[in-house]
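Student: Position 127, counted from 1, in the sequence shown is what the numbering used here calls 1271; the numbers after and before it change by one each time, with no gaps.
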Amino acid sequence: MRRGEVKPRVLVDRASGGRFEYHGGVGRLGSILLLGLAACAPSAPRTVPRVVDGRIEEGAAVSPYAYEWFIEGEIQAAKGQHDEAAMAFESATAAPAGDVVLLTRLAEEYEMSGAARRADRALSLARRAYPDSAHVALAAGRIMRSRGQIEAALAAFALAAERAPLWADPVVAIAETLASRGHAERAAVVLVEYLEAAPPELAGSARAALTALARRTGSALTLRRALIFDPGSLPPTQAYRAAKLAMALEQPALAARLLEGALITEDNVALWLRALAESGEWPRAVSYLASAQAARAASIEDRAILLLDLHEEERVLRLLAAAERSAQVQYARGRAFLASGDYLRAASTLAEVPFGAASFEASMIALAECSLSQDRTGAAAEALSAAPHASLRVRRKLAAIYVDEGDLRAALRLFNPKSSAERAALAGIFERAGRYDEAAAYYAAVKVSASSEARIRARASAEQLASRGLRRSAIVVLEHWVAAAPDDLFSRVRLVELLQAERRIEDANELGQATLEVVDDPRLQRHLSVLLRSPPNAAR
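1. Determine the closest residue to aspartate 1551 out of Ser1529, Phe1574 and Asn1560, with distance taken between C-alpha atoms.
2. To the nearest angstrom, how far is the alpha carbon of leucine 1655 from that of alanine 1392?
3. Under 9 Å, do arginine 1539 and leucine 1558 count as touching if we go by C-beta distance?
4. If we ignore side chains and look at the alpha-carbon of each, how far apart do glutamine 1669 and valine 1497 end up?
5. From what residue to what residue does the alpha helix (DSSP H) around isoleucine 1294 run?
6. Considering only residues of the same chain and omitting the five flanking positions on each side of leucine 1420, which have a CB-CB separation below 6 Å?
7. Check whether the segment 1478-1488 and the segment 1454-1462 touch, using three or more Cβ-Cβ pairs below 8 Å as the test.
8. So, alanine 1466 versus aspartate 1446, is the Cβ gap smaller than 9 Å?
9. Applying the 10 Å Cβ sphere with the 16-neighbour rule, what's the burial state of proline 1666?
10. Short check: CB of aspartate 1548 to CB of arginine 1576, under 9 Å?
11. With contact counted as at least three CB pairs below 8 Å, one residue from each stretch, are the segment 1267-1276 and the segment 1294-1303 in contact?
12. May I ask you to report which of helix, strand or coil DSSP gives threonine 1409?
13. On the DSSP letters alone, give me the boundaries of the alpha helix (DSSP H) that asparagine 1653 sits inside.
14. Using three-state DSSP, classify lysine 1541 as helix, strand or coil.
15. Would you tell me roughly how many angstroms separate the C-alpha atoms of valine 1663 and arginine 1359, rounded to the nearest one?
16. Which same chain residues end up closer than 8 Å to aspartate 1502 when comparing Cβ atoms and leaving out the 5 residues on each side of it in sequence?
17. What number of angstroms, rounded off, separates the C-alpha of alanine 1602 from the C-alpha of leucine 1570?
18. What three-state label does DSSP hand tyrosine 1384 in the structure shown?
19. Does DSSP put glycine 1258 in a helix, in a strand, or in coil?
20. Quick one: what's got a C-beta closer than 7 Å to glutamate 1582's C-beta in the same chain, skipping five residues either side?
21. Classify proline 1379 as helix, strand or coil using the three-state DSSP reduction.
22. Pull up the CB-CB distance for histidine 1226 and methionine 1256, whole angstroms please, since I reckon it's below 8 Å.
23. May I have the straight-line CA-CA distance separating proline 1343 from glutamate 1404, to the nearest angstrom?
24. What did DSSP end up calling tryptophan 1416 once you bin it into helix, strand or coil?
25. Let me check understanding here. Comparing Cα to Cα, which of Asp1651, Ala1523 and Ala1229 lies closest to alanine 1263?
26. Taking the straight line between their C-alpha atoms, what separation do you get for tyrosine 1487 and leucine 1494?
27. Please list the segments of the beta strand (DSSP E) lying wholly inside the segment 1540-1624, counting only runs of 3 or more residues, in order along the chain.
28. Give the secondary structure of glutamate 1425 by DSSP, where H, G and I count as helix, E and B as strand, and everything else as coil.
29. For the alpha helix (DSSP H) that contains glutamine 1669, what are its first and last residues?
30. Since leucine 1516 is in the alpha helix (DSSP H), which residue starts that stretch and which ends it?
31. Are alanine 1319 and alanine 1331 touching if we call contact CB-CB under 9 Å?
32. If alanine 1527 sits next to serine 1515, beta carbons under 8 Å apart, how far is it from one beta carbon to the other, in whole angstroms?
33. What first and last residue would you give for the alpha helix (DSSP H) that runs through tyrosine 1338?
34. When burial is assigned at 16 or more other CB atoms within 10 Å of the CB, is glycine 1485 buried or exposed?
35. With 16 other CB atoms within 10 Å as the buried threshold, where does alanine 1491 fall?
Here is the structure:
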């Protein structure tokens, strides 16, 4: 190259991707001018691949500043603080990215915070910038649903599902909307159809929605269908979880059917046998426990406990006669002796269960029952005092002894009224002591859950309704419960009170007289007799 020649240089503009050359002989001012002209060239919008709701899509590159505010907005929205969430999304959209997710979330949070006009403006901006976006259609549907425009919302959700067939959120929105309008079966069908077609890695929210729908509607079959689509759930586990829900909903026959083909694990076998017993098929359960198949599926101790629950004491004693001595075996033998009325052998057998064994607590409770059967109240209290007092079951039994001995204060000191489960126990103690007003007040303060006893759920629901003046609804709840559990005499007497308060005197007298014939508790018998003699307006 000769001295007077200038080597050309090539630059690439980052914004436009264009190439231009300049010669080293151009002065510094000329170089600046050329760079300025290149910067003014029309640039293509920067897009990057990113994962949105489990799907990879092209979108605007979001700055760390905008992303930080986006996360803050989602956190505030999850807390229900929609004003703060809207402010955070405003800050996120202040960055020049123009992202559809940010814009639609801003519109939704405006709507949730009551700023409907701002929501409409944000949604219009998103629609102009992204006319074919599924995010825009989904946000529009959610906003219309919040305004009560159900048909328009469903149409918007369907449009979002059409634009993004594998995206779960529009399908979940359709199902939630249908379920809220009382169409739970249609909602389940929509979710199942999506789950059958969608890849498992994208269907997590739809599976969760179907599971929640099953629990909310109390459909064990729907839950089983939801669990089938869970890639991490094996068939025996699916059957067990569905059957547990059926048992919680007092559908033992359905639970037994769900477990029929999944008798592989000990938990499944135990639940299946309990379901058979509660559904009236106890002979079938007994024959299974005596079979060789049961010996392979469950330990001898577990089989003995299940037979005891089926009142097969003689079979238990024969089964355990040659069994190796252990804490669980001694507990089962002691319970069998107790159930057959052999109190001395029961007491000596149960007393051999060592402290620290898994069956120690249950053994002490059984030993207390044995002592009470012999009118040895002191020995019963001593046996229960040896068990850990963290157990609510032990404290209930000990409190019952205190109440029967006339020491209500000692019984009440065993419980913490701040705990919902212990408030239910306190309600039962007040009932046993004949303090029925206090019992009703404690039942009304109980927060029930799916794991609560069926009796507690019924009483708490009825008392909460009655405390709000909804006595007719409370009567309906107790009528259903008493029909299912006629041996719950306290609930039957409470139903008599409510019937009297609603001036249904004939119904109250009929139920009261029938209950009076079977009541053996002297306090409850005296209370019911007073009720039947009292004028109707004296009832609570």
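Cβ atoms here follow ideal geometry from the backbone N, Cα and C, with glycine treated the same way.
Here the structure is a predicted model, which is why all the values come from computation and not from measurement.
Tutor: Based on what the coordinates show:
1. The residue with the shortest Cα to Cα distance from aspartate 1551 is Phe1574.
2. 28 Å
3. yes
4. If you take the alpha carbons of glutamine 1669 and valine 1497, they lie about 39 Å apart.
5. 1294-1307
6. Ala1400, Arg1428 and Ala1429
7. yes
8. no
9. exposed
10. yes
11. no
12. coil
13. 1649-1660
14. helix
15. Whole-angstrom Cα-Cα distance: 37 Å.
16. With the sequence shown as reference, residue 1502 is identified as alanine, and aspartate is not the correct amino acid for it. Closer than 8 Å at Cβ, skipping near neighbours: Ala1471 and Gln1472.
17. 16 Å
18. If DSSP states are grouped into helix, strand and coil, tyrosine 1384 belongs with the helices.
19. Note: glycine 1258 maps to coil in three-state DSSP.
20. Phe1574
21. helix
22. The pair is a contact, with the Cβ atoms about 4 Å apart (cut-off 8 Å).
23. Linking proline 1343 to glutamate 1404 through their CA atoms gives a straight-line distance of about 29 Å.
24. helix
25. Ala1229
26. 10 Å
27. none
28. coil
29. 1666-1677
30. 1504-1517
31. Taking 9 Å as the cut-off, the Cβ atoms of alanine 1319 and alanine 1331 count as close.
32. 6 Å
33. 1328-1341
34. exposed
35. buried
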